[in-house]
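Note that my numbering gives residue 236 to position 222 of the first sequence, counting from 1, and the numbers run on in steps of one. I have placed the structure first, in the form of structure tokens, so that the comments after it can refer back to it.
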Amino acid sequence: MIIKNRNLNLKQIAESGQTFRWYPHSEGYVIVANHEVIYARQLEDGIEIDSEDPYWLDYFDLERDYQDIINHYKGKDVFLDEAMAYGWGVRILKQDPFEIIVSFIISANNNIKRITSAMEKISHYGTYLKTIEGKDYYDFPSPEDLIQVTVDDYRLCGLGYRDKYLHQLIQDITSGNIDPYAIKDLSDKELKETLLRLKGVGEKVANCIVLFGYDRSDGFPIDTWIKKVLDKKYGVTKNETDFIKNYFDYYPGIIQQYLFFYGRFIKI
DNA sequence: GGCCAGGTGAAAC
DNA sequence: GTTTCACATGGC
Numbered sequence: 015m016i017i018k019n020r021n022l023n024l025k026q027i028a029e030s031g032q033t034f035r036w037y038p039h040s041e042g043y044v045i046v047a048n049h050e051v052i053y054a055r056q057l058e059d060g061i062e063i064d065s066e067d068p069y070w071l072d073y074f075d076l077e078r079d080y081q082d083i084i085n086h087y088k089g090k091d092v093f094l095d096e097a098m099a100y101g102w103g104v105r106i107l108k109q110d111p112f113e114i115i116v117s118f119i120i121s122a123n124n125n126i127k128r129i130t131s132a133m134e135k136i137s138h139y140g141t142y143l144k145t146i147e148g149k150d151y152y153d154f155p156s157p158e159d160l161i162q163v164t165v166d167d168y169r170l171c172g173l174g175y176r177d178k179y180l181h182q183l184i185q186d187i188t189s190g191n192i193d194p195y196a197i198k199d200l201s202d203k204e205l206k207e208t209l210l211r212l213k214g215v216g217e218k219v220a221n222c223i224v225l226f227g228y229d230r231s232d233g234f235p236i237d238t239w240i241k242k243v244l245d246k247k248y249g250v251t252k253n254e255t256d257f258i259k260n261y262f263d264y265y266p267g268i269i270q271q272y273l274f275f276y277g278r279f280i281k282i
């Protein structure tokens with residue numbers, strides 16, 4: 015189906031550091047989500063995907079008007095204007111909470127290429143879905159699929175010292191200690207507190223998880239790039255969260271994506 | 001070849 | 001409460 019939208023750019027989303035299961039293919043991307051493998055390609059004023067499932071409309075967060083958000087912040091400062099102009103097609107995908115938790119536990123003190131590679135290897139523990147031009151695609155494994163996977167197995171997936179965090183996460187979920195799907199109805203505060211109890215989840219990772227996995231736009235992950243942006247462009251080196259809450263109020267999580275995407279691009 | 005990457009846990013103050 | 005340090009590993 016064709017999805018028309020002027021704030022929807024596949025390449026920008028793919029490179030905005032929120033998903034690690036998009037595979038560049040032909041002119042577009044192979045995307046695995048919703049127990050389904052699709053191919054998406056860019057159009058002039060939107061995208062085309064080879065699925066008719068309305069799930070994807072929600073996945074691409076289509077009911078949210080990103081131009082309205084951009085207009086709201088326009089003229090606030092020069093750097094933000096540049097960032098929004100550069101990242102006009104960035105959106106925040108609605109991704110599976112469990113997959114997001116795993117992704118961002120792996121993301122700590124890591125780089126995007128390695129995170130992508132680790133997620134690809136872990137996906138082989140999931141159900142085989144489809145082969146496209148010789149490459150096999152797998153559904154992302156459920157916690158149950160990972161019960162028997164050992165710390166050493168995770169190490170072989172390239173997780174480094176984070177191997178034991180993922181192993182612990184699976185124990186926590188399968189033992190009923192935490193249910194990544196049941197906690198979606200918690201308040202912003204309770205949700206974050208719950209996530210912070212997980213090993214390998216600190217302030218920054220928790221913010222990524224609530225923003226990318228639970229549709230909480232108050233999430234504002236402060237990573238190395240955002241730190242540089244705040245320091246060099248806003249003169250903020252301490253009490254960052256207070257500054258963010260005041261200055262970027264309205265849709266802070268989406269603004270954070272524009273700043274991250276642009277700041278990383280210009281190697282600020 | 002040292003530094004960096006979408007930082008966190010644990011020990012030490 | 002905050003400061004300090006170790007931590008796997010591929011890319012540059």
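C-beta: ideal position from N, C-alpha, C; glycine also. Keep in mind the model is a prediction, meaning the values are calculated, not measured.
Run through the DSSP bridge pairs and tell me what residue 42 is partnered with. Answer is 39, bridged to residue 42.
Item to check | residue 55 - DSSP class collapsed to helix/strand/coil | outcome: The answer is strand: DSSP assigns residue 55 an E or B state.
Practice item. Would you check if the distance between the CB atom of residue 233 and the CB atom of residue 277 is smaller than 7 Å? Key: Pairing residue 233 with residue 277 gives a Cβ-Cβ distance that is not under 7 Å.
Is the beta carbon of residue 282 less than 7 Å from the beta carbon of residue 254?
It is not a contact, given that the beta carbons lie outside the stated cut-off.
Distance CB(residue 97)-CB(residue 264) smaller than 7 Å
Result no, Cβ atoms of residue 97 and residue 264 do not sit closer than 7 Å.
Open item on the list: Here's a check: name, in chain order, each residue in its chain whose Cβ is nearer than 7 Å to the Cβ of residue 21, leaving out the five neighbours to either side.
Closed with: So the list reads 80, 81, 102, 103 and 105, once near-sequence residues are dropped.
Next item on the list: Name the residue from 241, 66 and 258 whose alpha carbon lies nearest to the alpha carbon of residue 17.
Entry: Ranking the options by Cα distance to residue 17, first place goes to 66.
Which of the three DSSP states, helix, strand or coil, is assigned to residue 218? Helix, per DSSP.
| task | With DSSP collapsed to three states, give me the class of residue 145. | result | The DSSP-derived three-state label of residue 145 is strand.
For residue 267, the first and last residue of its enclosing alpha helix (DSSP H) = Start and end: 266-279.
Once DSSP output is grouped into helix, strand and coil, what is the label at residue 16? Strand, per DSSP.
Worksheet entry | Rounded C-alpha distance that separates residue 153 from residue 135 | Cα-Cα distance, rounded: 12 Å.
message: Please identify the residue among 208, 173 and 200 whose C-alpha is closest to the C-alpha of residue 187.
response: Looking only at 208, 173 and 200, the smallest Cα-Cα distance to residue 187 is reached by 208.
Q | Test item: CB-CB of residue 170 and residue 139 under 7 Å | A | Cβ distance not < 7 Å, so residue 170 and residue 139 don't count as in contact.
| CA nearest to the CA of residue 60, picked from 27, 92, 84 and 51 | Here the closest residue by C-alpha is 27.
Quiz prompt | Under the three-state DSSP convention, the category residue 87 falls into | solution = Helix.
Delimiting residues of the alpha helix (DSSP H) encompassing residue 62: Counting along the chain, residue 62 falls outside any alpha helix (DSSP H), though it belongs to the beta strand (DSSP E) covering 60-63.
Review point. What three-state label does DSSP hand residue 6 in the structure shown?
Key: Lying before the first or after the last residue shown, residue 6 is absent from the chain, which here runs from 15 to 282.
Check your understanding: Distance, Cα to Cα, residue 244 vs residue 145?
Key -> If you take the alpha carbons of residue 244 and residue 145, they lie about 44 Å apart.
Name the residue from 99, 77, 78 and 190 whose alpha carbon lies nearest to the alpha carbon of residue 87. Out of 99, 77, 78 and 190, 99 has the C-alpha closest to the C-alpha of residue 87.
Exercise. Would you call the CB atoms of residue 213 and residue 179 closer than 7 Å?
Worked result: Yes.
**Q.** Terminal residues of the alpha helix (DSSP H) in which residue 27 lies
**A.** Where residue 27 is concerned, the enclosing alpha helix (DSSP H) starts and stops at 24-28.
- Using a Cβ-Cβ cut-off of 7 Å (strictly less than) and excluding sequence neighbours within five positions of residue 31, which residues of its own chain qualify? Only residues of its own chain outside the window of five on either side were considered, and among them 126 and 274 have a CB closer than 7 Å to the CB of residue 31, listed in chain order.
Q. How would you label residue 270, buried or exposed, when you count the other beta carbons within 10 angstroms and need 16 or more for buried?
A. Its Cβ being crowded by 16 or more others within 10 Å, residue 270 is buried.
When burial is assigned at 16 or more other CB atoms within 10 Å of the CB, is residue 216 buried or exposed? Label assigned to residue 216: exposed.
Q) From residue 25 to residue 19, what does the alpha carbon distance come to, in whole angstroms? A) Approximately 15 Å, taken between the alpha carbons.
Check your understanding: Is there contact here, the region 117-126 with the region 51-60, by at least three beta-carbon pairs under 8 Å?
Key -> No, the region 117-126 does not touch the region 51-60.
Which class does residue 202 belong to by DSSP, given the choice of helix, strand or coil?
Three-state DSSP puts residue 202 in a helix.
Can you have a look at residue 211 and say buried or exposed, based on whether 16 or more other CB atoms are within 10 angstroms of its CB?
Residue 211 should be labelled exposed.
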